Structures are given as C-alpha cells and as structure tokens.
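Participant: There's a structure below that I have some questions on.
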Amino acid sequence: MKNIKEVIEKRYHILIIIIICFISLLVINLFIIQIVKHKYYVNKVNLLSQNTVTSSSTPRGRIYDRNGILLVDNEAVKVIYYQKENNVTIKEELALAYKLGLMINIDYTYLTNDILKDFWVKLYKDEADKKISDSEYKALEERKLTTEDIFNLKLSRVTDDELSEFKEEDKEASYIYHLMNIGYYDDEKIIKKVNVTDQEYALVAENVFSLKGFHVRLDWNRVYPNGDVFKTILGTVSTKETGIPYELKDHYLKQGYNLNDRVGTSYLEYQYEPFLKGTKEVLQVLKDGSTKVLTEGLRGNDLVLTIDIKLQKEIETILANELLKTKSQPNTKYYNRSFVIISNPITGEILAMAGKQILLEDNQYKIYDYTPGIATTPVVVGSVVKGASHVVGYNNNALSIDERRVDSCFKIAATPLKCSWTNLGVLNDITALKYSSNVFQFQTAVNVGKGHYQYNYPLDIDTKAFDTYRNTFAQFGLGVKTGIDLPVESTGYKGTSKLAGHLLDFAIGQYDNYTPIQLSQYINTVASGGYRIKPYLLKAIYNPTKDGLTSLVKETTPSVLNKVQTEDKYIKRIQLGFREVMTTSGTGVGYINSLYNAAGKTGTSESFIDTDNDGMVDKETVTNTFIGYAPYDDPKVSFVVVSPDVFYNEGQGGYRTDVNKRISNQISQKYFELYK
C-alpha cells in the first residue's frame, strides 16, 4: 500500500513539472511575440490583411545586335478601356457611351447596320416593344418563342428610315456601346488604343469616377528600328487583348502567368521569355481608395545577340535581288528560296542568317522572309557531305591517306549507271574531294559495307554500314539537333531503305536530308579541327539600366558538344581537300575570292518535289549547296548557302543557273568588306 502511494506521488510530481515546463514555454513564446518581435508580427498581419493590386503589364527588355545597335524596343501606347461593373444596366451603359463619345473621337468605319439596329432597339425600348404583336407575346408566355426570338424579331423590324434619323454622335455612341459589350462579361474591352491624344487620355482619367467602368492605362508595343530585317527570328509577343495563346496556355500557366499576360509567342521572344519579361508593379490599396507602391515595376532584361545587323541587312538584300534575277532565267520554274548562314566556326556565334522565298502573286513576284527554314527545312545537300564520308572510310579501314582509285561508273544489276559528273581518271583522297568524285565515295561505301563489287552484278552489303555512316555524320552535326537557341529545330529526314544502292547514295549526300543549320555546324566542325560547337544567337544578357548595357547578368560562352572520334591527321586531310576545292580547277573556284585563302565544298544533288500537292513527288529537280570557311589556316568565318530546286529541265538547252555561286561570292565579299 505504501509503495503504491509513493508511486502515485512520484507521478504527480512529474506531471506538475511537465505542466510548469509547458506554461513556461507559453510564457516565453508570448514574451517573444508580444515584446521581442512585436513589430515583426504586426507587419506580418498587416501584410496579410492588406489589399494589393498588380499592374497589368510591364515593358519587356530591349534587344540589341552584337555592336549595340537597337533591334527591338518598346513604344508607350495610351489605352482607354471598359470593364463592366456589377449590376450596371443597359440604360446606364447607353448613357455612358454617349458621355464618352463627347470626350474622345472614335473611328467607327466598321459600324454596320446590325450594330445600329441593336443600339436602336436598346435605346428606344418602348418603340421596339411595340414592334412585337400580342400573339407573339402570348407565344413567348407559352414558351413557343424565346426571349432571343423576340429580340431578333425586333431587330428585323427596325427600318432604314428609323436608322437614318441617327446623327453622327448617335453612330459614334452606338459603336462605343458595341465595343463595351464584345466578348465575355468580365473581359477588359479596348475602346481606343490607336492615336489616343494626351487630351483624351487626361479627360477620361479625370472623369473615371463618373465614367463607371471606363479606365485608362499605359501599354506598350514592340517596335523595330530596322524594319523587317531579321524580324521573324526576333519573334512575336501577344497582346493584352489576346493574352496567352491557347496552344501555349499550359506552358505559361505552370510558370505562374495569368491568362491575360503578354508573353513571347515565337522564336527569340519565346525562347528568352524568362529574361525579357518585366517585373510588374505591386500597389497597396489604402482605405481611402488611394494606392501606395509596394514593389516598383521594372523593364525586363536586355539581350545582346550575336547578329551583326549591318551584315544581316546586306545578306537579305543580296538574297532578294538574286531571287528576282534568277526567276528570269530558264529552267528555274520550281526554284523559290535560298538560305544563307554566316558564323564564327570557333565560337559558334551566328553573325547573319537569312532565308528568302519568292512567290508569284497577281502576275508579280513577291519576296517573303523564310529564315525559320534554316532550322526546320531539310534538303538533299549532295556532295558537301563527302568530307564526313571520307572520315567514315578512314575510321573503318575502308580508305587510306593518299589511296589512288580510278573514277569509272558503277553498275549494280537492275539499276541505272551511277557515275561522277564526268570521267575524272585516277584520283587520291584529296583530288577526289577537289573534283567531287562520286565513284570514289561509292568504292569507300562498298568497303565500309564489307561488300564485293562486280560490274552489273548484284551488290550485297552489311546493312550496319548505314549506322556506321550516320553515327559519324552525327558527330559532325548532320542528322541531329545542333542545339541552336531557337524553340523549333528539325533533325532532318532519315531514309528507311537498306538497299546497297542507297548506301552509295548516302555517301554522296543523296539519301538522308539535312537542314542548313546542320550544314553550318558541319563545316564549323571541320574548320575547328573536329570540335562540334553549339551554334547560338544570344551573346549576353544585361540588367535594364539608364546607362545602357553596363550591368552584365550572363554571357554565352562557346559550348563544345563533342569531338569527332577520329585521328587529327584525318581531319587535317579533309581540311586540305576542302582547300583544294577552292583552288585552280577545283569545283569551288569563284565561290569565295581567292584573296581570302578559303576552304570549302560544293554540292549538287537530285531532289524530288510534289508540284501539284497530291502527296506524291512528281518532278526531279537539282539542288545546289555550298559550305566554306576562311582563312584556311586560321578560320575566322564560315559560310553556308543552300538553294533548293534551282534546275528543272524544260527543254531550254539544259541551262543551269549559278545562283548559289553568285550568292556565295557576294555574301562572302560583303563579310570581308565589313570585317577587314
């Protein structure tokens, strides 16, 4: 019994101690909250209870070229808009429309009779009601007609004579009323956004309390000091009215955007949205209705691109002129576009990139921008790939340095002859590139495929040879994404057949298709000694300041994606072959002035197109390509020119335009003039 009493007392004492500790903790916490951190928690409560609003839009960052020339800026725009208040009546809105009409001038060019009739029915309600018969009202009560049916009957019975009584101020008010009621109930309706005068803006701002629902704000538009030059790749931005496009809704909502936010919707504006978007202003709404700025609004970061806008302008002009000139030449019926890329082969910086398309409209040729096709349009590129094909041969003991072969046509059983463009005699690996021998590559492909060739006999190969070629080509940037900082990029087209003849076609660039940007990465890989460099358009990001580009946030550094898995001596062999292409009697003579000591490779390929849009190719054309860099011994610049479908023989003497050569010569000359 005594032991039980002691146990109970002991537990009681423990309980008392726990209670005392708990109360002590409460007292200490109350002391901290009430005394030590009193101001902190008061501010916290005030912050949670305060009513805040966020500005609807903040100007985006500016975009400059590599030399600090402004490419994209913001232009302030005054906006008068209407946002319907709760419980507002039709009668009140009609009066508001007239009142606003006295303060601003509205262009009502698009005013229609339907808009006027709707306004008349609501303005003259009693007269409109009389246009409905007793029997029709009875049908409404019996639910044989709807209120919408009755309203439509009223509209149909408004006469032209009744509408003719409207004066100009009535028409203006009717159009304002129409704008006030477009879209959803709570939507912000733009009443005037173009040519709003300072007087109109101030007058509406002064009367917002009597103009229930009408407001003013400052918006902005993107402006382009250089017009349409490079404009497509600079990208687009949504408007306040459209907000986030439906197809981008999920992408942006996950990042905390509102549906009516203005966002980048294409190319660089979309790619660098996180940097270009501004910081919205946050205001506290005070009890008296006034506001206090909590967070200042701030323009977005400024971007500096790798593009030289002066060079870009020249390139676009050259392309447009050459397109127009070429369409006057024979056998160019299906030629309608060309692409150009100028870049730094060591860093991957793109100095200029342009694509132009020419279309016949109303019996007149018109030029359109086609620059996005540089990253999205695969073409059959032809012999420019032969440098990469040589590396496949070297790596697989299918070709040796200085190996000599006879250039004579190949014939596989049941297939047409496969030849070079002419009989080139005895060649080694260098002269095979210089004179662009197809047969030399056919022999290498047979060796890679472990086949045995006999004239006019079937040819069997190990189909793994396709993977062998593609894996090496990918290391040069062919058939894979280059990593260019644009939101859309194609990997090209890969053929599916494993026939031996198609392997031979692959080796000369007549099977898989590649994009112009892939060709750019390929020639840069050759020029840099086998390093595949990521191409890029963004050079640097800066904080927005009043002093211009002074506060650096981030600078792009060259990125090596991989090194071609081959011996350096083989890359040097390709460089030497490409150098020979540009010298006396080489296929690249005249593409770049010999003063600049260039290396390069030309390409001519057979292409097939669908001319009647029935999903079936029906015409064979010729595509021309050129890739090059200079100087050969110290690469500073690379050039890519692609002109699809330059030739289609229509019986006009076999004439073939040299448009690709002319463009290459002019754009390289223009570069060296600007970068002496």
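Heads up: the sequence shown runs through residues 1032 to 1707, numbered per the numbering used here. Think of the CB as a built atom: it goes at the ideal place given N, C-alpha and C, for glycine as much as any other residue. What you are looking at is a predicted structure, and each value in this text was computed from that prediction instead of being measured.
State yes or no: is the C-beta of G1418 within less than 8 Å of the C-beta of I1605?
Facilitator: It is a contact, given that the beta carbons lie within the stated cut-off.
Participant: Grab me the residues of N1544's own chain with a C-beta within less than 7 Å of its C-beta, minus the 5 sequence neighbours each way, in chain order.
Facilitator: P1409, V1410, V1411, G1523, Y1524, listed in sequence order.
Participant: Near D1641, which residues of its chain fall below 7 Å by C-beta distance, leaving aside the five closest residues on each side in sequence?
Facilitator: These residues qualify, in order along the chain: M1647, V1648, D1649.
Participant: Exposed or buried, V1239, counting other C-beta atoms within 10 Å across all chains shown (16 or more means buried)?
Facilitator: When all chains shown are included, V1239 counts as exposed.
Participant: Helix, strand or coil for A1708? Go by DSSP, reduced to three states.
Facilitator: A question about residue 1708 goes unanswered here, because the residues of the chain that appear run from 1032 up to 1707.
Participant: Measuring straight from C-alpha to C-alpha, what distance separates H1209 and G1132?
Facilitator: Cα-Cα distance, rounded: 13 Å.
Participant: Alpha carbon to alpha carbon, what distance is there between K1243 and T1120?
Facilitator: Approximately 11 Å, taken between the alpha carbons.
Participant: Just the C-alpha distance for G1320 and I1111, rounded to the nearest angstrom, thanks.
Facilitator: Residue placement at G1320 cannot be trusted, given a pLDDT of 48 that sits under 50; what the coordinates show is reported in the next sentence. If you take the alpha carbons of G1320 and I1111, they lie about 21 Å apart.
Participant: Check whether the Cβ atoms of G1309 and P1090 lie closer than 8 Å to each other.
Facilitator: Yes, they are a contact pair.
Participant: Enumerate in chain order the residues of its own chain whose CB-to-CB distance from L1607 is below 7 Å, with the five nearest sequence positions on each side excluded.
Facilitator: Within the same chain, L1607 has close Cβ partners I1461.
Participant: Please classify N1117: is it buried, with 16 or more other beta-carbons within 10 angstroms of its beta-carbon, or exposed?
Facilitator: By the neighbour-count rule (16 or more Cβ atoms within 10 Å), N1117 is not buried but exposed.
Participant: Assign S1369 to buried or exposed, taking buried as 16 or more other Cβ atoms, counted over all protein chains shown, within 10 Å of its Cβ.
Facilitator: Buried is the call here.
Participant: How about V1718 and Y1702: do their beta carbons lie closer than 8 Å?
Facilitator: Any property of residue 1718 remains undetermined from this structure, which presents the chain solely from 1032 to 1707.
Participant: Tell me the DSSP secondary structure of W1452 in three-state form.
Facilitator: Three-state result, W1452: coil.
Participant: DSSP state of T1708, grouped into three classes?
Facilitator: Since the first residue of the chain shown is 1032 and the last is 1707, residue 1708 is not available in this structure.
Participant: Spell out the partners DSSP gives H1246 in its beta bridges.
Facilitator: Bridge partners of H1246: Y1112.
Participant: Quick check: the segment 1095-1105 against the segment 1249-1263, are at least 3 beta-carbon pairs closer than 8 Å?
Facilitator: Yes, since at least three Cβ pairs between the segment 1249-1263 and the segment 1095-1105 fall closer than 8 Å, the two stretches touch.
Participant: My guess is that W1151 and V1108 are in contact by the Cβ rule of under 8 Å, so how many angstroms apart are they, rounded?
Facilitator: W1151 to V1108, Cβ: 33 Å. No contact.
Participant: Would DSSP call A1538 helix, strand or coil?
Facilitator: Note: A1538 maps to helix in three-state DSSP.
Participant: Give the C-beta separation of L1592 and K1565 to the nearest angstrom, bearing in mind that I take them to be a contact with Cβ-Cβ under 8 Å.
Facilitator: Their Cβ separation, rounded to whole angstroms, is 6 Å, which keeps L1592 and K1565 in contact under 8 Å.
Participant: Is L1176 helix, strand or coil when you go by DSSP?
Facilitator: Coil, per DSSP.
Participant: Could you check what DSSP says for R1008 in three-state terms: helix, strand or coil?
Facilitator: The requested residue 1008 is not part of the displayed model; the chain covers only 1032 to 1707.
Participant: Can you tell me which of the three DSSP states Q1395 falls into?
Facilitator: If DSSP states are grouped into helix, strand and coil, Q1395 belongs with the strands.
Participant: Using the Cα positions of K1594 and G1560, report the straight-line distance between them to the nearest angstrom.
Facilitator: Each residue's Cα considered, the two are about 9 Å apart.
Participant: Alpha carbons only, please: which of P1666, S1590, L1580 is nearest the one belonging to L1334?
Facilitator: The shortest Cα separation from L1334 among P1666, S1590, L1580 belongs to L1580.
Participant: Starting from the N-terminal side, write out each stretch of the beta strand (DSSP E) that is 3 residues or longer and does not extend beyond the segment 1574-1661.
Facilitator: If we require 3 residues or more, the beta strand (DSSP E) runs fully inside the segment 1574-1661 come out as 1583-1586, 1591-1594, 1630-1640, 1650-1661.
Participant: Taking a contact to mean a Cβ-Cβ separation below 8 Å, would you say Q1286 touches L1517 in this structure?
Facilitator: No, the Cβ-Cβ distance between Q1286 and L1517 is not below 8 Å.
Participant: Alpha carbon to alpha carbon, how far is I1094 from K1341?
Facilitator: Between I1094 and K1341, the C-alpha separation is close to 15 Å.
Participant: Between which two residues does the alpha helix (DSSP H) carrying I1264 extend?
Facilitator: 1262-1265 is the span of the alpha helix (DSSP H), which, as asked, contains I1264.
Participant: Looking at I1349 and I1137, is the spacing between their C-beta atoms short of 8 Å?
Facilitator: No, these two residues do not count as a Cβ contact at 8 Å.
Participant: Hey, quick one: how far does the alpha helix (DSSP H) through F1703 stretch, first residue to last?
Facilitator: Its alpha helix (DSSP H) spans residues 1690-1705.
Participant: For I1023 and L1057, I'd like the C-alpha separation in whole angstroms.
Facilitator: As shown, the chain starts at 1032 and ends at 1707. That puts residue 1023 outside it, with no answer to give.
Participant: Quick check: what's the CA-CA separation for R1248 versus V1235?
Facilitator: Each residue's Cα considered, the two are about 11 Å apart.
Participant: Need the endpoints of the beta strand (DSSP E) that L1336 sits in, please.
Facilitator: Counting along the chain, the beta strand (DSSP E) containing L1336 begins and ends at 1333-1336.
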